[in-house]
Amino acid sequence: MSLNKVILFFLVSALFSSCASAKITEPPAFDYPNPLDTFFQKNPGGHFPIIIQRGMNTDPSVSAAGYLFYVSDVQGSPDIWMRQLRTTVNVPVVEQEAVQNSPAISQDGQHLAYVSYDRDASGDILLTKINPERIAYDVMRGNAIPNHSASSFSVSDYISEQFSESRDGCAGDAGELDPVFSADRRTLFYASDRCQRTVFRLWSLKLNESG
């Protein structure tokens, strides 16, 4: 083996060795209780900013594991974003050209409900399965993040089907807004003007694993 080939062999070996040993740089972690205590001691009655990006940031909902879901129009139309509260991971998870709002994350962090105005100006509730831990993992490694709009199931379409043969004025299109999960994720509560248009009442829908 020539000297040049020997040198090339060691250079390639060193390159692969360094790549194999490279570590993923984790984002800064936050210990919120300590800075919060310090902040409120110095600013009694003040507010501690969690989301400070540009635009309107509204409608917060947080899971038991500390994943905050909210609405932001920083990219134009309002989209659903996720923030991992113990790190700087902050990313859109549901994106559409139409307005979306009112995200509701189940306490176990596995299901996300939200309102979309894509097909109905009165508002439809959509539901999707989600994995916040996997999303945070992919963000830190530069992997592509799925747009959960494509995997969302229309709860409003299902509700309309259940009332399709109603004779008491409850059939047809209606607005469904403001979803929220019960603590055990088995029930979805929401507001709807079904049965009396423009008059919103609170409704509940039992959920199961199949739909």
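Taking the working numbering, the leading residue of the sequence shown gets 729, the next gets one more, and so forth.
We put the beta carbon where it would ideally sit given N, CA and C, even for glycine.
- Looking only at C-alpha atoms, which of Ala911, Tyr886, Gln890 and Ile858 sits nearest to Tyr795? Cα-wise, what sits closest to Tyr795 is Ile858.
- Query: Beta carbon of Ser888, beta carbon of Gly900: below 9 angstroms?
  - Reply: Between Ser888 and Gly900, the C-beta spacing is below 9 angstroms.
- Item | Span of the alpha helix (DSSP H) around Ile780 | Run containing Ile780: none; DSSP gives neither H nor E here.
- Item | Residue range of the alpha helix (DSSP H) that includes Glu889 | Boundaries of the alpha helix (DSSP H) harbouring Glu889: Val883 to Gln890, taken from the DSSP string.
- Query: Between which two residues does the beta strand (DSSP E) containing Val819 stretch?
  - Reply: Note, Val819: beta strand (DSSP E), Asn818 to Val822.
- Message: My output table needs one value for Arg913: the three-state DSSP class, helix, strand or coil.
- Response: It is coil, neither helix nor strand.
- On the three-state DSSP scale, how would you describe Val802? Here Val802 sits in coil by DSSP.
- Item | Secondary structure of Thr766, DSSP reduced to three states | The DSSP-derived three-state label of Thr766 is helix.
- Message: Please return the same chain residues whose Cβ sits closer than 6 angstroms to the Cβ of Ala793, not counting the five positions on each side in sequence.
- Response: Closer than 6 angstroms at Cβ, skipping near neighbours: Gly837.
- Task: May I ask you to verify whether the region 797-805 touches the region 823-841, counting CB pairs closer than 8 angstroms and requiring at least 3?
- Result: The region 797-805 and the region 823-841 touch, with no fewer than 3 CB-CB distances between them shorter than 8 angstroms.
- Message: Quick check: what's the CA-CA separation for Asp866 versus Pro860?
- Response: Near 10 angstroms, if we compare the C-alpha coordinates of Pro860 and Asp866.
- Item | Secondary structure of Val927, DSSP reduced to three states | Judged by DSSP in its simplified three-state form, Val927 adopts coil rather than helix or strand.
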